[in-house]
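So in my numbering the end of the sequence shown lands on 91, straight run, no missing numbers.
Note that the Cβ used here is the ideal one computed from N, Cα and C, for glycine as well.
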Amino acid sequence: MIYCSKIGDIDLGKLVRLYPAAVVNVDGEVAEMSLEWADMNAHRVNITSYVLVFDFTPSGEKIRDKKEIYFKTKDELFLAMQEVAQFFQE
């Protein structure tokens with residue numbers, strides 16, 4: 002299963018974890034946080050973008066093997082999530 006994304010082809014057959022996140026800026030510190038956390042704390046943080054993380058890292062490995070696709074809006078993120086979800090509905 003190959004997902005053709007804006008950053009290139011992503012082999013979903015090797016995927017271990019897939020998750021969305023918000024990229025937030027809190028007092029100059031940038032971090033990826035869950036969408037739920039970002040929504041609950043929107044009054045305290047600046048959401049700079051959104052990201053869909055394709056994590057290929059086997060359990061127990063220390064070196065992360067992941068690809069990330071960044072989006073300006075949550076709507077763009079959700080559209081990409083729907084595209085990827087179609088691969089798992091077949």
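Practice prompt. Go ahead and pull the three-state DSSP assignment for D28.
Written response: By 1-based counting over the sequence shown, the position of residue 28 is 27. Coil.
Worksheet entry | Buried versus exposed call for F55 [16 or more other C-beta atoms within 10 Å across all chains shown] | Reading the sequence shown from its first residue, position 54 is the one you call residue 55. Buried, by the Cβ-count rule.
Worksheet item: If V31 sits next to A39, beta carbons under 8 Å apart, how far is it from one beta carbon to the other, in whole angstroms?
Response: Position 30 of the sequence shown, counting from 1, holds the residue named residue 31. Position 38 of the sequence shown, counting from 1, holds the residue named residue 39. That belief does not hold up - the Cβ atoms of V31 and A39 are roughly 13 Å apart, past 8 Å.
Worksheet item: Just the Cα atoms here: how many angstroms apart are D12 and K73?
Response: Numbered from its first residue, the sequence shown carries residue 12 at position 11. Numbered from its first residue, the sequence shown carries residue 73 at position 72. Distance between the alpha carbons of D12 and K73 is about 24 Å.
Discussion item. Using C-beta distances below 6 Å, list every residue in its chain close to I70, excluding the 5 sequence neighbours before and after it, in chain order.
Written reply: If you number the sequence shown from 1, residue 70 lands on position 69. Around I70: S6, I8 and L53.
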